[in-house]
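Okay, structure first, notes after.
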Amino acid sequence: MSKDNQILEEFTSKEYEHGWSVNYEADEAPLGLNEEIIRWISAKKEEPQWLLDWRLKAFRAWEAMEEPEWANVTYPKVDFQKLRYYSAPKQTKKPKSLDEIDPELLAIYERLGISLNEQKRLQGIAVDAVLDSVSVATTFKGTLAKLGIVFCSFSEAVKEHPELVKKYLGSVVPMTDNYYAALNSAVFSDGSFCYIPKGVRCPMELSTYFRINAANTGQFERTLIVAEDESYVSYLEGCTAPQRDENQLHAAVVEIYAGAHAEVKYSTVQNWFPGDKDGKGGIYNFVTKRGICAGDHSKISWTQVETGSAVTWKYPSCILKGDNSIGEFYSVAVTNNMQQADTGTKMIHIGKNTKSRIVSKGISAGKSQNSYRGQVQVMKRASNARNFSQCDSLLMGDRCGAHTFPYIDIQNPSAKVEHEATTSKIGEDQIFYCNQRGISTEDAVALIVNGYAKEVLNQLPMEFAVEAQKLLALTLEGSVG
Amino acid sequence: MLTIKNLHAAVEGTPILRGINLEVKPGEVHAIMGPNGSGKSTLASVLAGREEYEVTEGEVIFKGKDLLDLAPEDRAREGVFLAFQYPVEIPGVSSTNFLRTALNQVREYRGQEPLDAVKFLSLMKEKMKLVEIDQKLLSRSLNEGFSGGEKKRNEIFQMAMLEPTLSILDETDSGLDIDALRIVSNGVNKLKSADTATIVVTHYQRLLEYIVPDYVHVLYKGQIVKSGTKDLALELEAKGYDWIKEEVDAAV
Numbered sequence: 010m011s012k013d014n015q016i017l018e019e020f021t022s023k024e025y026e027h028g029w030s031v032n033y034e035a036d037e038a039p040l041g042l043n044e045e046i047i048r049w050i051s052a053k054k055e056e057p058q059w060l061l062d063w064r065l066k067a068f069r070a071w072e073a074m075e076e077p078e079w080a081n082v083t084y085p086k087v088d089f090q091k092l093r094y095y096s097a098p099k100q101t102k103k104p105k106s107l108d109e110i111d112p113e114l115l116a117i118y119e120r121l122g123i124s125l126n127e128q129k130r131l132q133g134i135a136v137d138a139v140l141d142s143v144s145v146a147t148t149f150k151g152t153l154a155k156l157g158i159v160f161c162s163f164s165e166a167v168k169e170h171p172e173l174v175k176k177y178l179g180s181v182v183p184m185t186d187n188y189y190a191a192l193n194s195a196v197f198s199d200g201s202f203c204y205i206p207k208g209v210r211c212p213m214e215l216s217t218y219f220r221i222n223a224a225n226t227g228q229f230e231r232t233l234i235v236a237e238d239e240s241y242v243s244y245l246e247g248c249t250a251p252q253r254d255e256n257q258l259h260a261a262v263v264e265i266y267a268g269a270h271a272e273v274k275y276s277t278v279q280n281w282f283p284g285d286k287d288g289k290g291g292i293y294n295f296v297t298k299r300g301i302c303a304g305d306h307s308k309i310s311w312t313q314v315e316t317g318s319a320v321t322w323k324y325p326s327c328i329l330k331g332d333n334s335i336g337e338f339y340s341v342a343v344t345n346n347m348q349q350a351d352t353g354t355k356m357i358h359i360g361k362n363t364k365s366r367i368v369s370k371g372i373s374a375g376k377s378q379n380s381y382r383g384q385v386q387v388m389k390r391a392s393n394a395r396n397f398s399q400c401d402s403l404l405m406g407d408r409c410g411a412h413t414f415p416y417i418d419i420q421n422p423s424a425k426v427e428h429e430a431t432t433s434k435i436g437e438d439q440i441f442y443c444n445q446r447g448i449s450t451e452d453a454v455a456l457i458v459n460g461y462a463k464e465v466l467n468q469l470p471m472e473f474a475v476e477a478q479k480l481l482a483l484t485l486e487g488s489v490g
Numbered sequence: 743m744l745t746i747k748n749l750h751a752a753v754e755g756t757p758i759l760r761g762i763n764l765e766v767k768p769g770e771v772h773a774i775m776g777p778n779g780s781g782k783s784t785l786a787s788v789l790a791g792r793e794e795y796e797v798t799e800g801e802v803i804f805k806g807k808d809l810l811d812l813a814p815e816d817r818a819r820e821g822v823f824l825a826f827q828y829p830v831e832i833p834g835v836s837s838t839n840f841l842r843t844a845l846n847q848v849r850e851y852r853g854q855e856p857l858d859a860v861k862f863l864s865l866m867k868e869k870m871k872l873v874e875i876d877q878k879l880l881s882r883s884l885n886e887g888f889s890g891g892e893k894k895r896n897e898i899f900q901m902a903m904l905e906p907t908l909s910i911l912d913e914t915d916s917g918l919d920i921d922a923l924r925i926v927s928n929g930v931n932k933l934k935s936a937d938t939a940t941i942v943v944t945h946y947q948r949l950l951e952y953i954v955p956d957y958v959h960v961l962y963k964g965q966i967v968k969s970g971t972k973d974l975a976l977e978l979e980a981k982g983y984d985w986i987k988e989e990v991d992a993a994v
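Chains A and B, in that order, are what the protein sequence lines are.
According to my numbering, the first sequence is numbered sequentially starting from 10.
According to my numbering, the second sequence is numbered sequentially starting from 743.
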């Protein structure tokens, strides 16, 4: 057996580390999806009438839509009537502070390695943790409030800041944008809301940790980040899910608004359960993420490290509306076993002198399929638009696939668009060279993969970069021949 | 230190080594010379444990252990170092990061504490002088975009850091200009001690003016057909390999 094959064998026998679930009493919606369920969710969350109306409008639009099939992924169709659209840990009363939160819930996060208490004390990161559908706790709220920064669960924002939610909800991703965005708009359960007032530089990283716990639960979070003129925020999101045989659906929507001279950095490390090595179970991750550089000189930067999910369908995008605005997309997507990922970005240049940069690093192993799909669109008015795209693929073994689908649509002749693509394999030469210096094959693979992904990992905030590096190494653990 | 007995090895079924016998003692420098295709680099690769080479017969004992029984990384940890003829590029991994990973794994194997960043850097500074290597080179991606001379110098630098007991230099002189050759050889000479040994695989006598061997062996058709002192290398330089080939071929 060649070394490549051995690596492959070991790689495919690697178990998902976060595969456990906790039995807690859940407050659940009945199975299925119809207007009644939506009313039930809205009532459960004590929402105002306008939001219920908004949900219902989205639901009716969704009913008339077709599930998209253009992505380079195949999976059995989701039966939307067999899903549960709301599942909340049962609580007798609402917690007022971290100390009042069910210790069992907090223990879940401890196992995930993100102890809220720890983080609160040591790391200076504000965390909004979403377990299934309810935001468990938001730390550091007080510190942020002094600066006028709002960082809370989406439901809370609906209650406390309805005018902001009403103004920006659906402004970047319209409710009818696509099939899953419409579904999310109809049934979204919770998520995070973040508002940075004009001229404020958020002094800490804001972080959300998502986790799907209940079986047959679709998790539909809604994240809204608004950065007013001349503000700055760095936002982190991490995700895991327990191991289950059935597929779970995750259809989130993230909207980012950046005013003039504002900058938003959005980083994700996604580690949803990818299914077992035969492709059983795992998360369907159908996510719409989009940001708008609404003002001049604004900047939105997406960084993602994707290691999980059975099927991923995700294109964090930037609408570069303001003149001189900048959009960036840095991505590492790892697929293994039977995983399928179709991910990339869209950069839509509307304003003058807008710039975008795309760096995508795919890593495929096992029998997985990894596709990059990117669109660069330069509109008529966007004179002197610039784009640079780099799409690299790294293959492990000979049963996986890497695909690149770049779309370029230029309507202004002054545009300058560059695209570079490479495909490589982890060489036995590289592994042997490491071995000869005393490095085990497992560590050699981790070293080589981290080196390959370095340009993207460098974009992550320090603590996250370390976590992402560990995650990459972990995904590749047991790959010794 | 190293005993090679009747070593046979093949690549994809084609025999390359056909019965090598060699004894290397601490403090010695052995030169392996020979025409192209004689099996010099194969010998170096087999000792280091490269997978494509299948050992079909014979044994190799290193410091009392069966070397062929050890995985490549364990051979390295036991103290076998191969300076590659073609050092491999690893994009995005700095030499510093690479070496720190390597050194700490070697140390762990030997039951030593890992070196912290401060101690590691001071060790690096000390060894850098030995091979006149620039710090800037070490913060770049390993071997990526390095000149031929820089790659070879970096190999010797790694050797200095890992402090092997047996160093195998596989055509380290190829692609080096005279200055680089001098620097690399100086480095190797400074690293020599009464406890370590060196095997120099080379095509030319030139390198042996700098790294003076105690023994010179001529490899031809996968066997050591002639052994001698450094004078043998000079003779080869003057007369070429043809006379040896003729001697061997006539004897068959």
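Think of the CB as a built atom: it goes at the ideal place given N, C-alpha and C, for glycine as much as any other residue.
Close beta carbons around residue i, own chain, < 6 Å, minus the five adjacent residues each side
| i | result |
| --- | --- |
| B/V788 | A751, Y795 |
| B/F804 | L744 |
| A/V341 | V314, K370, A462, V465 |
| A/E127 | Its pLDDT being 44, under 50, A/E127 is placed unreliably by the model, and the measurement read from it follows with that caveat. None. |
Cβ shell of residue i (< 8 Å), same chain only, five flanking positions each side left out
| i | result |
| --- | --- |
| A/H170 | V159, F202, Y204 |
| A/K207 | E237, D238, E239, S240, G268 |
Rounded Cβ spacing between residue i and residue j (contact assumed at less than 8 Å)
| i | j | result |
| --- | --- | --- |
| B/T914 | B/T938 | Not really, about 16 Å apart at Cβ, beyond 8 Å. |
| B/S927 | B/I910 | Contact doesn't hold; Cβ gap of about 15 Å is too wide. |
| A/A195 | A/F295 | Between A/F295 and A/A195 the Cβ distance is about 14 Å, and since that is not below 8 Å, they are no contact. |
| A/V242 | A/A477 | So it is not a contact: roughly 20 Å between Cβ atoms. |
| B/R760 | B/G791 | Not quite, the Cβ-Cβ distance comes to about 20 Å (not below 8 Å), so this is no contact. |
| A/A166 | A/T297 | Contact flag wrong, Cβ pair sits at about 19 Å. |
Per-residue burial, residue i [other beta carbons within 10 Å of its own, 16 or more giving buried]
| i | result |
| --- | --- |
| B/T843 | buried |
| B/Q900 | buried |
| A/L337 | For the record, residue 337 of chain A in the displayed sequence is Glu; it is not Leu. A/E337 comes out buried. |
| A/K102 | Bear in mind that the predicted position of A/K102 carries a pLDDT of just 49, short of 50, making it unreliable; the figure below should be weighed with that in mind. With fewer than 16 Cβ atoms within 10 Å of its Cβ, A/K102 is classed as exposed. |
| A/Y244 | buried |
| A/V174 | buried |
| A/M471 | exposed |
| A/A52 | exposed |
| A/N43 | exposed |
| B/R895 | buried |
| B/T940 | buried |
| A/G284 | buried |
| A/D351 | buried |
Which of helix, strand or coil DSSP assigns to residue i
| i | result |
| --- | --- |
| B/I925 | helix |
| B/Y952 | coil |
| B/L911 | strand |
| A/M356 | strand |
| A/D13 | Its pLDDT being 46, under 50, A/D13 is placed unreliably by the model, and the measurement read from it follows with that caveat. Helix at A/D13. |
| B/F862 | helix |
| A/P415 | strand |
| B/R882 | coil |
| A/D438 | helix |
| A/A166 | helix |
Beta-carbon proximity of residue i to residue j, cut-off 8 Å
| i | j | result |
| --- | --- | --- |
| B/A786 | B/L824 | yes |
| A/Y442 | B/V822 | no |
| A/M347 | A/A374 | no |
| A/V320 | A/Y95 | no |
| A/S326 | A/T354 | yes |
| A/F473 | A/S318 | no |
| A/S380 | A/N193 | no |
| A/L61 | B/V835 | no |
| A/H428 | A/V387 | no |
| A/V475 | A/Y293 | no |
| A/S449 | B/E815 | yes |
| A/K308 | A/E264 | no |
Contacts of residue i in chain D (Cβ-Cβ under 8 Å)
| i | result |
| --- | --- |
| B/Q847 | Within the model displayed, chain D is absent; protein chains A and B are what it includes. |
Cut-off 7 Å between Cβ atoms - residues of its own chain near residue i, not counting five sequence neighbours on either side
| i | result |
| --- | --- |
| B/E801 | K747, D808, L810 |
| B/S916 | Q827 |
| A/M10 | In this predicted model, A/M10 has a pLDDT of only 39, less than 50, meaning its place in the structure is not dependable enough to derive any value. |
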